[in-house]
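A quick write-up on the structure given underneath.
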Amino acid sequence: MLGRWSAHRHEPIVAMPPADGIATYEKIAANAVMAGCLPSYFPIVLTAVEALAQPDFRAYDLLTTVHSMGPLMVVSGPIADRVGMNGGANALGQGNRANATIGRALALCASNIGGARPGGLDPGTIGHPGKYTYCYTENTELSPWPALSVERGYSENDSTVTLYAADAPLCVAEMGTPSPEHVLRTIAECARIPGTYNTFTRGELWLVMSPEHARIVDSGGWGRREIGEYLYEHVRIRAGDLRDRGLYGFADSLTRPEWLDDTKPDELVPIIRGPEEVVVTVAGGGYGGYTAIVFGDIGGSITRRVEAA
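For my numbering, count along the sequence shown from 1 and bump the result up by 607.
In structure tokens, the structure reads:
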């Protein structure tokens, strides 16, 4: 597993949250082996560990919250194809070794090196299966839009890892009238949930859109920007309906958002700060009108280049 890094096996790489355990090449490799990774996956795992430890990702909050969250990983670029990752049918499900074990290796590093163990520093009340592994790649062959990495300024030849502090996916079915507005209206209605953390923190909102939904939206001349604008305008909840519900019942004067004005109960409150907070990836099989809504909480996502790809 260590391969070219064998001579540097004891070299410290990052302090792994939440307990700031020192992640060395050897320790990361040991967890990758336990997860079932092949050696070709190791550069991806290294990059994911380094990304998780970046202060702007706020992994300490992600890994120690009682909320049911885990790091969702998207691998983009040539390395995803090279190691055989699945961005097609069942992309977020079982059946692919690379998807399963790369995500599992990151989770094991967070637990065994970073100390995020259930019942200890990880006090998650319920949790969700993505805390075992939550990893996929995009279906670039059937996507009408560039990969997420390209959207974020990297070249098509760059390989990247993107992490997002994520809830479990909510799968939305829409197989009716084939128009962008019809698809996005259903998604917007399903996203208007007072009990999500997005409604309180207004962080990023992710969509894992099937190729069929993406094709319908694209056929109307809509891209990621138009999707973000539509959802920003339509995923809103009446302020009076939020009072004493979800996290608003928990919030006190110190944590209650300044933008929630209790004197304006009819004001429609967006669950994201702006259209740019909607992140769209395309994954899944070629047939089926589905989109997974993935709510988040802690900060935004982070993208890092796989340097040793």
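We put the beta carbon where it would ideally sit given N, CA and C, even for glycine.
Start-to-end residues for the alpha helix (DSSP H) that takes in residue i
| i | result |
| --- | --- |
| S683 | Unbroken run through S683 is the beta strand (DSSP E), 677-683; no alpha helix (DSSP H). |
| L791 | 787-798 |
| C716 | 704-719 |
| R831 | 831-841 |
| L599 | Nothing in the structure corresponds to residue 599, since the chain is present only between 608 and 916. |
Sequence-distant residues of the same chain with beta carbon closer than 8 Å to residue i, five excluded per side
| i | result |
| --- | --- |
| I794 | V779, E781, L814, L838, T898, I900 |
| L849 | P801, T806, Y855, L867, V876 |
| E633 | L609, R616, H617 |
Whole-angstrom distance between residue j and residue i, CA atom to CA atom
| i | j | result |
| --- | --- | --- |
| M680 | G783 | 31 Å |
| Y741 | K871 | 40 Å |
| V824 | A626 | 44 Å |
| A655 | Y804 | 24 Å |
| K738 | E840 | 32 Å |
| T769 | S683 | 8 Å |
| R831 | A614 | 44 Å |
| S756 | S786 | 27 Å |
| G721 | P624 | 5 Å |
| G853 | L713 | 30 Å |
| A821 | D868 | 36 Å |
| E763 | P685 | 8 Å |
| A636 | N719 | 12 Å |
| F664 | G827 | 35 Å |
| T640 | R616 | The sequence as given places Val at residue 640; Thr does not occur at that position. Spanning the two alpha carbons is a distance of roughly 14 Å. |
| A754 | E788 | 23 Å |
| G727 | Y761 | 38 Å |
Proximity test, residue i beta-carbon vs the ligand MG heavy atom, cut-off 7 Å
| i | result |
| --- | --- |
| A696 | The ligand MG is absent from the structure shown, which contains no ligands of any kind. |
Start and end residues, beta strand (DSSP E) containing residue i
| i | result |
| --- | --- |
| L593 | Beyond the ends of the chain as shown, which are 608 and 916, falls residue 593; an answer cannot be given. |
Proximal residues to residue i (C-beta, below 7 Å), its chain only, five neighbours per side dropped
| i | result |
| --- | --- |
| V621 | A630, V656, E657, A660 |
| D904 | H674, M676, A772, Y804, T808, G810 |
| E883 | G835 |
Sequence-distant residues of its chain with Cβ nearer than 6 Å to residue i (five each side left out)
| i | result |
| --- | --- |
| T910 | R759, T767, T769 |
| L791 | Y837 |
| G906 | R665 |
Residue-level contact to chain B via CB, residue i, 8 Å cutoff
| i | result |
| --- | --- |
| L812 | Judged by its chain identifiers, the structure shown contains no chain B, having just a single protein chain. |
Proximity of residue i and residue j at Cβ, strictly below 8 Å
| i | j | result |
| --- | --- | --- |
| Y771 | E811 | yes |
| V842 | L749 | no |
| N746 | G891 | yes |
>> Counting beta carbon pairs with one atom in the stretch 885-897 and one in the stretch 814-825, are three or more of them shorter than 8 Å?
In response: yes
> Do the stretch 640-650 and the stretch 705-720 touch if we need at least three Cβ pairs shorter than 8 Å?
Replying inline: yes
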